[in-house]
Amino acid sequence: GAPERNRFSARVTDVVFQGESLRVFLALDDGTPLSLRQPSHFEAARRIPPIGERLAVSLHPQDTIIVPKTDG
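If you're matching positions, the sequence shown starts at 1 in this note's numbering and goes up one per residue.
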């Protein structure tokens, strides 16, 4: 069967246009920050809710990178 996916529900905190991509900044319910990058073409961009609204995110485990928090 298909592999399990990592699923998150988060609030959009910012969206930054970066040429061919958009960087979407999110906050999980516990305040943990999360960001993702996606193509900036019209169809993809229109699926992003306004800042302050919620977004459901689903990622394949091999596409998920966890960056540990550092002191400092």
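Idealized CB from N, CA, C, for every residue including glycine.
Problem set entry | Limits of the beta strand (DSSP E) - the one that aspartate 14 falls within | Here residue 14 refers to the residue found at position 14 when the sequence shown is read from its first residue. Run containing aspartate 14: 6-18, per the beta strand (DSSP E) assignment.
Exercise. Looking at the structure shown, is proline 68 part of a helix, part of a strand, or coil, going by DSSP?
Worked result: One-based indexing of the sequence shown puts residue 68 at position 68. Residue state for proline 68 is assigned as coil, using DSSP reduced to three classes.
For this session: Could you tell me which residues DSSP pairs with glutamine 38 in its beta bridges?
Result: As a first step, residue 38 must be located in the sequence shown, where it is residue number 38. Under DSSP, glutamine 38 takes part in a beta bridge, and its partners are Leu22.
For this session: Have a look at Gln62, Ala56, Val67, Asp63 and flag the residue whose alpha-carbon is nearest the alpha-carbon of alanine 10.
Result: Numbered from 1 along the sequence shown, position 10 holds the residue referred to as residue 10. When only C-alpha atoms are compared, the closest one is Ala56.
Exercise. Going by Cα to Cα distance, which pick from Val16, Ser58, Ser21 is closest to glutamate 43?
Worked result: To locate residue 43, count along the sequence shown from 1; it is residue 43. When each option's Cα is compared against that of glutamate 43, the closest is Ser21.
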